[in-house]
Amino acid sequence: MSDEFDDLKKAMDAAMPAHDAARKAANLALAQKNFETLQETANEPRLTSDRPKRGFIRGVREMLNVMSTRGALTASTALVALGLVVVVPDWQQGPVLFDAGYQVEESQPLPEKRERAEVGDGLQSIGQSNDAEILAEDAPMIATEPMVQGAPALSSAEFDAYSRIAPAPAEGMIWQPESTTETFPDADQNPLKVTAEEPVSTFSIDVDTASYSVVRSSLTNGQLPPAGAVRIEEMINYFPYAYPAPDGEAPFRPTITVADTPWNPDTQLLHIAIQGEEPATEDRPPLNLVFLIDTSGSMDAPNKLPLLRQSFALMLPELTEQDQVAIVTYAGSAGQVLKATPATDRAAIMAALDNLSAGGSTAGEAGLQQAYSVAESMAEEGEVTRVILATDGDFNVGLSDPQALEDFIADKRESGTYLSVMGFGRGNLDDATMQALAQNGNGQAAYIDTLSEAQKVLVDQFTGALFPIANDVKIQVEFNPAQIAEYRLIGYETRALNREDFNNDKVDAGDIGAGHSVTALYEITPVGSPAVLNDPLRYGEASATESSEELGFFKLRYKAPGEDVSQLIETPIALGGEVSTDMRFAMAIAGFGQLLTDSPHLGDWGYAQAIELANAAKGDDAFGYRAEAVRLMRLAESLEQ
Amino acid sequence: MRMEPSNESLAQAAAGGDAAAFALLLERQYEGIFRLSFRLTGSRVDAEDLTQDVCATLPAKLRGFRGEARLTTWLWRVVVNAAHDRRRRAASRAKHTDGWGDWEVNRRASEAETAERADWLTEAMHALPDDLRDTLALVLDDVTHDEAGEILGVSPGTISWRVSEAKKHLRALREREDQV
Numbered sequence: 073m074s075d076e077f078d079d080l081k082k083a084m085d086a087a088m089p090a091h092d093a094a095r096k097a098a099n100l101a102l103a104q105k106n107f108e109t110l111q112e113t114a115n116e117p118r119l120t121s122d123r124p125k126r127g128f129i130r131g132v133r134e135m136l137n138v139m140s141t142r143g144a145l146t147a148s149t150a151l152v153a154l155g156l157v158v159v160v161p162d163w164q165q166g167p168v169l170f171d172a173g174y175q176v177e178e179s180q181p182l183p184e185k186r187e188r189a190e191v192g193d194g195l196q197s198i199g200q201s202n203d204a205e206i207l208a209e210d211a212p213m214i215a216t217e218p219m220v221q222g223a224p225a226l227s228s229a230e231f232d233a234y235s236r237i238a239p240a241p242a243e244g245m246i247w248q249p250e251s252t253t254e255t256f257p258d259a260d261q262n263p264l265k266v267t268a269e270e271p272v273s274t275f276s277i278d279v280d281t282a283s284y285s286v287v288r289s290s291l292t293n294g295q296l297p298p299a300g301a302v303r304i305e306e307m308i309n310y311f312p313y314a315y316p317a318p319d320g321e322a323p324f325r326p327t328i329t330v331a332d333t334p335w336n337p338d339t340q341l342l343h344i345a346i347q348g349e350e351p352a353t354e355d356r357p358p359l360n361l362v363f364l365i366d367t368s369g370s371m372d373a374p375n376k377l378p379l380l381r382q383s384f385a386l387m388l389p390e391l392t393e394q395d396q397v398a399i400v401t402y403a404g405s406a407g408q409v410l411k412a413t414p415a416t417d418r419a420a421i422m423a424a425l426d427n428l429s430a431g432g433s434t435a436g437e438a439g440l441q442q443a444y445s446v447a448e449s450m451a452e453e454g455e456v457t458r459v460i461l462a463t464d465g466d467f468n469v470g471l472s473d474p475q476a477l478e479d480f481i482a483d484k485r486e487s488g489t490y491l492s493v494m495g496f497g498r499g500n501l502d503d504a505t506m507q508a509l510a511q512n513g514n515g516q517a518a519y520i521d522t523l524s525e526a527q528k529v530l531v532d533q534f535t536g537a538l539f540p541i542a543n544d545v546k547i548q549v550e551f552n553p554a555q556i557a558e559y560r561l562i563g564y565e566t567r568a569l570n571r572e573d574f575n576n577d578k579v580d581a582g583d584i585g586a587g588h589s590v591t592a593l594y595e596i597t598p599v600g601s602p603a604v605l606n607d608p609l610r611y612g613e614a615s616a617t618e619s620s621e622e623l624g625f626f627k628l629r630y631k632a633p634g635e636d637v638s639q640l641i642e643t644p645i646a647l648g649g650e651v652s653t654d655m656r657f658a659m660a661i662a663g664f665g666q667l668l669t670d671s672p673h674l675g676d677w678g679y680a681q682a683i684e685l686a687n688a689a690k691g692d693d694a695f696g697y698r699a700e701a702v703r704l705m706r707l708a709e710s711l712e713q
Numbered sequence: 006m007r008m009e010p011s012n013e014s015l016a017q018a019a020a021g022g023d024a025a026a027f028a029l030l031l032e033r034q035y036e037g038i039f040r041l042s043f044r045l046t047g048s049r050v051d052a053e054d055l056t057q058d059v060c061a062t063l064p065a066k067l068r069g070f071r072g073e074a075r076l077t078t079w080l081w082r083v084v085v086n087a088a089h090d091r092r093r094r095a096a097s098r099a100k101h102t103d104g105w106g107d108w109e110v111n112r113r114a115s116e117a118e119t120a121e122r123a124d125w126l127t128e129a130m131h132a133l134p135d136d137l138r139d140t141l142a143l144v145l146d147d148v149t150h151d152e153a154g155e156i157l158g159v160s161p162g163t164i165s166w167r168v169s170e171a172k173k174h175l176r177a178l179r180e181r182e183d184q185v
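Protein sequences, first through last, are from chains G and Y. Heads up, the first sequence is in my numbering, so the first residue is 73 and it goes up one at a time. Heads up, the second sequence is in my numbering, so the first residue is 6 and it goes up one at a time.
Right, dumping it as structure tokens:
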């Protein structure tokens, strides 16, 4: 009767293909990612903090591994077991649960049989295997035992639900115990160069400040920053310095000083300071700003979208009626939420900002395209047009090829629209992409972790952040091999240029905003110094015969905004120059950055010396930035130990 | 002895935000989702795509799982609905393809599909109207008529009627082929 039916069933079973393993892995990962995004956008209080984490379970396991004596183990097991029980619901329900009722119970000893092996192994397998059955079995076991023994105050109702206990270590910790999706540029430290072999050093200036904020965010969360996040030049350039202001035609003035190296008595530091002019604010051209705001699900955290709102609100009073503001958002699909509006219409702008809500994935590319087209529609002759991209750095939709995005931005740069990138929040900060975008878009990358940082970037340094005074600023230093044996550029690893790029006006480089100052430091080793690390070559050519007193020759190229042809500033480098407080502070920060990256060039010089140097060079410090830097050094010193 | 958490308790834990439970649940059900996807679409490529759709939307969908049905019943409904969505999208895409690029992509895709569907099985499945095919995909997967009715939102009687309709179709198809 049912021949066809059976045939079909058999044929169907026979033809059933095996699913593709790679697709399965991708699909499972996708599901997990969506699951996590969903949790992030949910309104419930979250267990995970936003900071880069080492994993709760791992921390517990490490603690257990460190403990050695049997007594300590028994005691710690009790604490750990209870710790899992007590701390977990506490995170879910706020700090109220941390009251004396629980604290007292913690000291109750557990029976001998509950030993490290059992709990430790349980934790180990939770941490290492993806087998959540273990979770279902072990988690309640750990949880219920001390409850019976020592904590009658906890009602069983609080613990019987599998979902109450298991999710705590589970969320984002078991499955990716240590991974965050943060990415940082991967650049090696600048090596020591032998002047006779490579006398010319070329780099692009860098006015980004993101690195310092990321370092600060890491340190204040009790962790040393990842080495890739430390860009020494960005840390130095984070601070305002009062270098001698330009007086002539050029929009800025280089000041070159040779000073003793704090960390090495046998070398010297070549301190290059470039101070940009500060045009009178009344004369500034009208400004067209397009806020391109990431409203993807991951932005729904107090230090992301709400902070962004407050930050832009801080900036609005700096704008005048001749300025215009438009807002474009991107999340899943891009859309314009505020058409070009005079900046004085604060109510309309704030209403548009308040209406933003986070949800969905991130269509970064579509958003950028729309922002640029809005910006182009606003641009008029003599005005400055800038797209300000605010994101947590996660571009997960529509960006199949990061290179294509960079090319797109580089292309738009030609149209005269600038791009600034502001990073918010930690966890999936794509520092590398943000850097690349800002560099390619003639802009600045800043990382906003607190409202005071927003104030620094958007209010205190408002003009510098938004009004360029020179584009494509490149520096080339040629050292005299008769005077300088070796040299090393501190920082600027991601900004290195080829020697021939210096004179090539097609090659892009960093831009200076109004009133910006830029500092670059070379550590130089004079010929004959005991600090020379490379022996002379036996068969090498004799070094330059012409002996000159000059240490080297400094060249700088820049383009006036809107121009295609660069102008040249050059000056010989001589010994001497007055060492100012600002310079000493920059050196202290350079030392701090090298300490964070474990530079081999510092010898015995450590945090104590860096702190001493910075403290002595605080100067006026009207905004308290330098005092904060000293605090961070002290934190790093403690964390390093 | 290790206790296996039931699908339903896993689903509820996952709906409550438990990532571990969610991962375990999906791992367990993945093969089932894929098998049903294959029966619904009749091609491996489409089945992979459909499975991906289901995986992508499952986290959000799970929030709606209240535990009043068996998990698999609920899950098969999600899969069937995702298949409907795909068909709808495919239909409107076919209508709106205007650029040469899309046309070329579609042409190649359909060629590939034709090659794959050359056998009796897929031809038979594709000869059936969508509702009969969905029904058959479920019933062939050893889902009871009652459950299939619940999944498709029709009465068990309708399922029985559809199954006999499908058999008629298949018989006719077989006879036509035999004549050739």
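Backbone N, C-alpha and C fix where the C-beta goes; we use that ideal spot for every residue, glycine too. Owing to the predicted nature of the structure, the values given are computational and were not obtained by experimental measurement.
Contacts of residue i in chain Y (Cβ-Cβ under 7 Å)
{"i": "Glu-55/G", "result": "Any property of residue 55/G remains undetermined from this structure, which presents chain G solely from 73 to 713."}
{"i": "Ala-103/G", "result": "Leu-31, Cys-60, Ala-61, Leu-63 and Pro-64"}
{"i": "Leu-428/G", "result": "Result: empty, since nearest Cβ-Cβ is about 21 Å, beyond 7 Å."}
Per DSSP, the bridge partner or partners of residue i
{"i": "Pro-414/G", "result": "Gln-396/G"}
{"i": "Asp-366/G", "result": "Tyr-402/G"}
{"i": "Leu-491/G", "result": "Val-459/G"}
{"i": "Pro-64/Y", "result": "Answer is none; Pro-64/Y lacks a bridge partner."}
{"i": "Leu-593/G", "result": "His-343/G and Ile-562/G"}
{"i": "Gly-582/G", "result": "Val-545/G"}
Residue i: contacting residues in chain Y (beta-carbon distance under 9 Å)
{"i": "His-588/G", "result": "None at all; the shortest Cβ gap to chain Y is about 45 Å."}
{"i": "Gln-111/G", "result": "Gly-22, Ala-24 and Pro-64"}
Interface partners of residue i on chain Y, CB under 8 Å
{"i": "Glu-303/G", "result": "The amino acid occupying residue 303/G in the given sequence is Arg; Glu does not appear at that position. Here the premise fails: no neighbours, minimum Cβ distance about 34 Å."}
Own chain partners of residue i with C-beta closer than 7 Å, once the 5 adjacent residues on each side are dropped
{"i": "Pro-414/G", "result": "Glu-393 and Gln-396"}
{"i": "Ala-689/G", "result": "Thr-653, Arg-656, Phe-657 and Ala-660"}
{"i": "Phe-275/G", "result": "Ile-547, Leu-561, Tyr-564, Arg-567, Ala-568 and Leu-569"}
{"i": "Ala-682/G", "result": "Ala-660, Gly-663, Phe-664, Leu-667 and Met-705"}
{"i": "Met-88/G", "result": "none"}
Residue i burial status per 10 Å Cβ neighbour count (16 or more: buried)
{"i": "Gly-600/G", "result": "exposed"}
{"i": "Leu-707/G", "result": "buried"}
{"i": "Gly-582/G", "result": "buried"}
{"i": "Trp-166/Y", "result": "exposed"}
{"i": "Arg-71/Y", "result": "exposed"}
{"i": "Ser-160/Y", "result": "exposed"}
{"i": "Thr-149/Y", "result": "exposed"}
{"i": "Tyr-402/G", "result": "buried"}
{"i": "Val-637/G", "result": "exposed"}
{"i": "Glu-486/G", "result": "exposed"}
{"i": "Arg-40/Y", "result": "buried"}
Neighbour list for residue i in chain G, Cβ cutoff strictly below 9 Å
{"i": "Thr-56/Y", "result": "His-91, Arg-95, Lys-96 and Asn-99"}
{"i": "Phe-43/Y", "result": "Met-84, Ala-87, Met-88, Pro-89 and His-91"}
{"i": "Leu-242/Y", "result": "In the structure as shown, chain Y starts at 6 and stops at 185, and residue 242/Y therefore has no counterpart that could be examined."}
8 Å CB neighbourhood of residue i in its chain, flanking five on each side removed
{"i": "Thr-669/G", "result": "Gln-261, Ala-299, Val-302 and Ile-304"}
{"i": "Ala-482/G", "result": "Asn-512, Gly-513 and Asp-580"}
{"i": "Gly-678/G", "result": "Leu-667 and Glu-709"}
{"i": "Glu-13/Y", "result": "Gly-72, Arg-75 and Leu-76"}
{"i": "Gln-382/G", "result": "Leu-523 and Ala-526"}
{"i": "Ile-645/G", "result": "Ile-328, Val-330, Leu-342, Val-549, Glu-622, Leu-623, Gly-624, Phe-625 and Phe-626"}
{"i": "Leu-391/G", "result": "Leu-359, Leu-361, Val-397, Ala-415 and Thr-416"}
Chain-order list of residues whose beta-carbon lies under 6 Å from that of residue i (same chain, five-residue window excluded)
{"i": "Asp-338/G", "result": "Ser-601, Pro-602 and Ala-603"}
{"i": "Leu-410/G", "result": "Ala-398, Ile-399 and Ala-424"}
Proximal residues of chain G, C-beta to C-beta of residue i below 8 Å
{"i": "Glu-36/Y", "result": "His-91"}
{"i": "Ala-153/Y", "result": "The premise fails here: Ala-153/Y is roughly 14 Å from chain G at the closest Cβ pair, so nothing lies under 8 Å."}
Contacts that residue i makes with chain G (C-beta to C-beta distance below 7 Å)
{"i": "Phe-70/Y", "result": "Simply none; closest approach about 13 Å."}
{"i": "Ala-129/Y", "result": "Leu-80"}
Checklist entry - Which runs of the beta strand (DSSP E) spanning at least 3 residues fall entirely within the stretch 612-666 of chain G, listed in chain order? => result 624-631 and 639-645
Item to check | Contained beta strand (DSSP E) runs [length at least 3] in the stretch 306-384 of chain G, N- to C-terminal order | outcome: 324-333, 336-348 and 359-366
Checklist entry - What are the start and end residues of each continuous alpha helix (DSSP H) run of 4 or more residues lying completely inside the stretch 261-292 of chain G, in chain order? => result 282-292
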